[in-house]
Each structure stands twice: as structure tokens, then as C-alpha cells.
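J.: Here it is: the structure, laid out below.
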Amino acid sequence: MIAQAVIMAGGLGSRLGDRTKAMPKGFLEIGGMPIVEQSVRKLIAAGIEEIIIGTGYHKEFYEDLAKKYTCIKLAHNAAYADAGSMRTLAACVPLVKEDCLVLESDLLYDSIGLNVLINETRRNVILSSGKTGSGDEVYLQVDNDCNLVKHSKKKEELESVYSELVGITKLSRKTLDLMVAYMDDHRQDIPMMEYEVAMSAVSSSGNPIAVRKVEYYTWCEIDDENHLRRAVEQIFPRIAENESLRGIRREVLLNPGPATTTDSVKYAQVQADICPRENEFGDVMGWISKELSLMVGAPGRVETVLFGGSGTAGDEAMISSCVPQDGKLLIVDNGAYGKRMAKMASIYKINYETFASDGIHRMDVEALKSRLLDGKFTHLAIVYHETTTGILNPVPEVCRFCHEHNIVTIVDAVSAFAAIPIDMDRDCIDFMSSTSNKNIQGMAGLAFVFCRKEALESIKDYPMRNYYLNIYDQHHYFIKNNQMRFTPPVQTAYALRQAIIETKIETIEGRYERYTACWKVLIKAIKELGLEMPVPESEQSHLIVTIMDPRSPKYSFNDMHDLSREHGYTIYPGKLSDAPTFRIANIGDIRPEEMEGFTKILAQYMRSIQ
Ligand SMILES: *Cc1c(COP(=O)(O)O)cnc(C)c1O
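Residue numbers (our numbering): 274 to 883.
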């Protein structure tokens, strides 16, 4: 995986005169966004985890950008005014771990170029194009194997011209080190060294750097007023068109998972075939586990165990793995998912009882506490967000009480994780399940169980009631072999990796705010249309709303569903056994404007049944 990118952004941009007097070139806006921010977004969408920006001139602009995109790390080149781009690149190199993409900051480019380099089998590759006629070309000369021999802005200095340098390159850490060494050796004779000079030198002295030519690649660099005009009038619209042609038909899922995903998450599934027993894939899963753990606990506090399966597999792994032979489990039942865990406990013949609550009103926590102590329970299972009705259970309060009384806590957080901020230590949660296709906004197919470190160790010798879904075995095998015991859903894992990258940038708090903004739009419309919600607003999770069926005799859920679906919105029937309801979820990659769009369809349907 290519996980890092470097953007060289130290330069003065002096040829742009007044425009860049007070800012770096990368902050020129085209189409309403600085070009370097467009580049950052394209890199993130292409699966880059960390972007290192080498700064110089007006670095404060990049410091602000790094606050907005937490994947950005900065490296400053203090000598930016009298050293070339190679010095800026050299400042970044210590942060580079393996192979990375290296980009100039003043580029406007079609994102497909990043995929071309990422898909290259060769490790050191320069992206180049056919003739652009831009007026500031860097021409490349190659050998018979298409490796870089020499570059120049003057055609006559080259024996032949193969292509033009774009300014996006894939380089290994080793090649970068050789380029830095070359620069250091030539501090005296070439004090202002551009990075192309070091690339040509390294490539022609036994460490070949390949040149990949994409004849009709859409891109431009912006060095002067003519470039800027050409960028705005010709290149930007072409890039926008190309990229929109690769967009995937938008369907807004208002069902409670699988949730709507970004196109970049969808595309992340398209990867080279790989045997999941390869270390390279083990590292992807290891990264996923580590990053998921960091979302629910301090470093080193939580282990995340992955299973192939839907969210229910996570619940079943917990129920079958976390209760010892002589344990006694109390399961809170205030909806379909609590009931499901009780069903599992009965199948595994675990000594359990249920604590029933209606799922519409806040549960009686004091009654639950007395029941736990009076019944001498050793374990408690509870659903964090009961998706049946959209009620949020008081999990931190209940689990803290359990912790004080040595009761182990098992939490189904399938539809809460990645929307509700959770810290398993702070909230005293021992085991917790979730899945790849709800608020984390990935594809269906992976279940995960978060385990507090000590809790995981404590279940080591518990009876193995289920072979496939045993938490300790799955964990132990992965740590030892860097593999899952059984074939994982490979493409789902790649999508989850991308979903994690995107979640880290939005942040879980930010995601909850966006979900809440969508929920507000929704309940405003529900109230205006005179529809009723059984769960009081104050108890609602902001993630899904249960709505009473309209009283009109003409009402049909299927008609309402079909009308919504025709307009690109998928809705979901209710799950309450004693009242006719339907549900609208507002999780996933959806925006308040899209929820506005849905409320118009809902209003149209309501008029049609009056
Ligand atoms: C979605 C969900 C599950 C799991 O459902 P799957 O269809 O197995 O993914 C479990 N618990 C809750 C609370 C849920 O919302």
C-alpha cells in the first residue's frame, strides 16, 4: 500500500507577482478551493493516510490547512528563499517510511494520475504526459527501458524528447535517500537544486527511475498569469468532467445500515488480487485493528478482533466467548437486538435472564442496578443504541456501576460506534461489538469486537462454545501469524481502511454533528407533516427515527418506499411488534441537503394519501 505522500510547497511563486505576494502558490483558488487543498483531497480519496507538506514561504497557510486535515504533517525548509525544491523535499524525507508519492504544490491534475502510479509494479516511477504546449515544459529523455536519463526545459539539450514531467512521482525511501545524498554532495556547486536534478542524477547512475507516459493526461502547473488563465479556462473544466464521469450513481440509504458510502470507499475495493495470508495484507488488517482501537481507547488499552461476518457475528462472538461456565448473564431487552442476544445465550445454554424495558422510554436504571446485585449477576449485556426504536441506552452510567461491582460488561455498539464518542476505559466497557457498514461508513462484511486489554486476557480459558467466532482464538492466531484464521473479506477490508482514513479526518464528534444536522432536518419535517414519533425527542439518538404510520386508510409503506426509491432514497419498515411504524435512519455519507430532498418526497407522498 502507498500510505504516504509528500507535497513540496516551499517555493516563492515569484512569477505570479501580486497574487502570491502574501501567500504560497498552492493557495491560488480555482473553482472555489485552493489548488493544494484539492490535491490533498484527491490524495486522501486515493487511500493516502499521511500527507507530509514541506513548507517554506508563508508556512502559516499550511499550518492552518494541517488543522483542517489531521492527516497532514509539516516539515519546514528554513532555507526556502535560497535553496531549491530538493531542499524542501529533503526536509520531508525523515518522515517518509516506505514508498510514497511526491508532488509539486502548484499542480492541477486529474486524480486518475495517482491511481496510475499506485497501480505501477515498479517502485520508482515518474508520471509524465504527451505534449501540453503550456510554455514551461520540463522535457524528459529516457533509455530503452523507459528509465529517466536526463531532463531539461530546453529541447535542444536532450538527444530525444520522450514526454513531459507532470510533477507527480512515486519514489521509495531508498531513492529519496540517494537524492538527498546527491544534494549534500553538491551543496557547493549547485546551491539551488531542483528535485528533478537529483532524480536525473540518481536515475542515470545505476538506480533507475522509470518514466510512465500517459499521452493525453489532463494536468497543468501554475507558474505565471498565462498558466493561470489556461488552468481556469481549459484544464479545470476538463478535470471536473473527467472526474465526474467516474462518479457512481448516488443512492441515499436511509435504512439503518448498510449505510451510504463515499465513492472513494467504493473504489477502494478495487485492488490487485492478493492472497490474504500475505504479510502485506496482514499489515492492512493490523492497521485496521490498531486504528479502530484508537477510536475507542488510549493507545495500548484496547484490542480489536476482526471477524468475517455482519454485526450479528460480533454479538455472537461476545455472547459465546465472554461468559465462563459458572457465569450468570443479565441481558437488557428493550428491542430486537437485545432479544437477539438473549436468543444466542439460550442457544449456547448460558445461565442468563433478561431485564425488559419498553424501548420507548428511558429505562429504569435504578431497577436494573438492584436486579444486577439481587440476582448476583457476573455479566451484563446491553445494546448501546437500540436501532429498533432509535433510543440511546445509558450505557456509560450502567457500565460504571457494573465496574464498581465487578460485573463484566458486554455492549452491542453496532449502531453507536463511530457516531457516539466512546472511551472504553472511561465508560467502563469490557467488550463491545460493531461492524464495517454502519457509522464507520464502510462496506458490509467485517464484524469487530473491541476488548479492553485485561478483559481479553481474562477469557483465555473460557469454554469454546463456537469455533469460528471465538474471540481469544481469533486474536491469538492473528498476533502470532499476521493472518485471520479463515478467509477474510479482502475487498471489504480495503474499503474499511479507506473508511477509517475518512472518519479520522471528519472525526467522530464531527460525524455526530453532521448526523445531528440531518436528524434536525428530518424531525422538523416530521412535525410539520403532523406525523408522530413514539420515542420522545430528548431520548432520541439522532441516528434513526421511528415514526408512527400515517392514519390515512390510503397509506401503504410499499407505495411510500417505491416513490422514495424512484428519487434515490431507500427507506425501511418498522420493527416494533406492538405498533405500526416505519423508520428513517440518517447515518452514513449523507448531507443535510439530501435529507431536505427526502423530506420533500415524504411531503409529496403525504399529500397523495390525504
Ligand atoms: C445492525 C445492528 C446489528 C447487526 O446487524 P447485522 O445485520 O448482523 O449487521 C446488531 N445490533 C444492532 C444494535 C444493530 O443496529
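Built from N, CA and C at the ideal position, the CB exists for glycine as well.
Going by the beta-carbon positions, is the gap between Asp-372 and Ser-445 smaller than 7 Å?
T.: Yes. Within cutoff.
J.: Looking at Asn-420: is its Cβ nearer than 7 Å to the Cβ of Ser-476?
T.: The answer is yes: Cβ separation under 7 Å.
J.: Distance check for Met-456 and Ala-474, CA to CA, integer angstroms please.
T.: Ala-474 and Met-456: Cα-Cα distance of roughly 10 Å.
J.: I need the straight-line Cα distance from Glu-839 to Pro-826, nearest angstrom please.
T.: So the alpha carbons of these two residues sit roughly 23 Å apart.
J.: Less than 6 Å between the CB of Tyr-610 and some heavy atom of ligand 1, yes or no?
T.: Yes, the Cβ of Tyr-610 comes within 6 Å of a heavy atom of ligand 1.
J.: I need the straight-line Cα distance from Phe-580 to Arg-550, nearest angstrom please.
T.: Their Cα atoms are separated by approximately 15 Å.
J.: Do you know whose CA, among Tyr-621, Pro-736, Gly-861, Thr-660, lies nearest Ala-790's CA?
T.: Of the listed residues, the one whose Cα sits closest to Ala-790 is Gly-861.
J.: According to DSSP, is Cys-724 helix, strand or coil?
T.: In this structure, Cys-724 counts as strand in the three-state DSSP scheme.
J.: Pull up the DSSP beta-bridge partners for His-424, would you.
T.: BP columns for His-424 point to Leu-413.
J.: Helix, strand or coil: how does DSSP classify Phe-690 here?
T.: Correct three-state label for Phe-690: coil.
J.: Is the beta carbon of Thr-872 sitting closer than 7 Å to the one on Ala-768?
T.: No. Outside cutoff.
J.: Rounding to the nearest angstrom, what Cα-Cα distance links Gly-582 and Ile-820 in this structure?
T.: When rounded, the distance between both Cα atoms is 30 Å.
J.: Since Val-272 and Glu-730 should fall inside the 8 Å C-beta cutoff, what is the C-beta to C-beta distance between them, to a whole number of angstroms?
T.: Beyond the ends of the chain as shown, which are 274 and 883, falls residue 272; an answer cannot be given.
J.: What residue does the beta strand (DSSP E) around Cys-365 start on, and which one ends it?
T.: First-last for Cys-365: 358 to 365, but that is the alpha helix (DSSP H), not the beta strand (DSSP E).
J.: Quick one: what does DSSP say Val-957 is sitting in, helix, strand or coil?
T.: Absent from the model: residue 957. The displayed extent of the chain is 274 to 883, so no value can be given.
J.: Any idea what DSSP makes of His-652, helix, strand or coil?
T.: Three-state DSSP puts His-652 in a strand.
J.: Got a sec: does ligand 1 put a non-hydrogen atom nearer than 6 Å to the Cβ of Asp-941?
T.: Outside the modelled stretch of the chain, which goes from 274 to 883, sits residue 941, for which no answer is possible.
J.: Thr-708 and Val-722 - do their beta-carbons sit closer together than 7 Å?
T.: For Val-722 and Thr-708, no; Cβs fall outside 7 Å.
J.: Assuming Glu-494 and Asp-379 form a contact by the criterion Cβ under 8 Å, report the distance between their Cβ atoms to the nearest whole angstrom.
T.: At roughly 6 Å, the Cβ-Cβ gap stays under 8 Å, so Glu-494 and Asp-379 are in contact.
J.: Any idea if Ala-318 is buried or exposed, counting beta-carbon neighbours within 10 angstroms, 16 or more meaning buried?
T.: Answer is buried; the Cβ neighbour count reaches 16.
J.: Within 10 angstroms of its Cβ, does His-678 collect 16 or more other Cβ (buried), or is it exposed?
T.: It is exposed - the Cβ of His-678 has fewer than 16 other Cβ atoms within 10 Å.
J.: So Lys-443 packs on Leu-374, CB below 8 Å; how close in whole Å?
T.: At roughly 6 Å, the Cβ-Cβ gap stays under 8 Å, so Lys-443 and Leu-374 are in contact.
J.: Ligand 1 heavy atoms versus the CB of Thr-660: any closer than 6 Å?
T.: Because some heavy atom of ligand 1 lies under 6 Å away, the Cβ of Thr-660 counts as near it: yes.
J.: Quick one: using the 10 Å Cβ neighbour count with 16 as the cut-off for buried, is Ser-358 buried or exposed?
T.: With 16 or more Cβ atoms within 10 Å of its Cβ, Ser-358 is classed as buried.
J.: When the Cα atoms are used, what is the spatial distance from Lys-733 to Tyr-788?
T.: Straight-line Cα distance between these residues: approximately 38 Å.
J.: Report yes if the CB atom of Leu-603 is closer than 7 Å to the CB atom of Val-596, and no otherwise.
T.: Not in contact: Leu-603 and Val-596 (Cβ atoms no closer than 7 Å).
J.: Could you round the C-beta distance between Ile-280 and Leu-376 to whole angstroms and report it? I think they count as a contact, below 8 Å.
T.: Contact holds; Cβ gap of about 5 Å.
J.: State buried or exposed for Lys-332, treating a residue as buried only when at least 16 other CB atoms are found within 10 Å of its CB.
T.: Buried, since its Cβ has 16 or more Cβ neighbours within 10 Å.
J.: Give every residue of the same chain whose Cβ lies closer than 7 Å to the Cβ of Ile-521, excluding the five residues on either side of it in the sequence, and list them in chain order.
T.: Asp-536, Lys-539.
J.: Would you say the beta carbon of Ser-583 is closer than 6 Å to some non-hydrogen atom of ligand 1?
T.: Indeed, a heavy atom of ligand 1 lies less than 6 Å from the Cβ.
J.: With DSSP collapsed to three states, give me the class of Tyr-455.
T.: Looking at Tyr-455 - three-state DSSP - the assignment turns out to be helix.
J.: Inspect the CB distances between the segment 829 to 847 and the segment 649 to 660 and report whether three or more fall short of 8 Å.
T.: Touching, no.
J.: Could you tell me which uninterrupted alpha helix (DSSP H) segments, each at least 4 residues in length, are contained entirely in the segment 769 to 851, listed from first to last along the chain?
T.: You should have 781 to 801, 830 to 839.
J.: Can you tell me where the beta strand (DSSP E) holding Arg-485 begins and where it ends?
T.: Start and end: 483 to 487.
J.: Between Asp-851, Pro-865, Tyr-845, which lies nearest to Ile-885 when the distance is taken from Cα to Cα?
T.: Residue 885 is absent from the model: the chain starts at 274 and stops at 883.
J.: Quick check on Glu-782: buried or exposed, where buried means 16 or more other Cβ atoms within 10 Å of its Cβ?
T.: It is exposed - the Cβ of Glu-782 has fewer than 16 other Cβ atoms within 10 Å.
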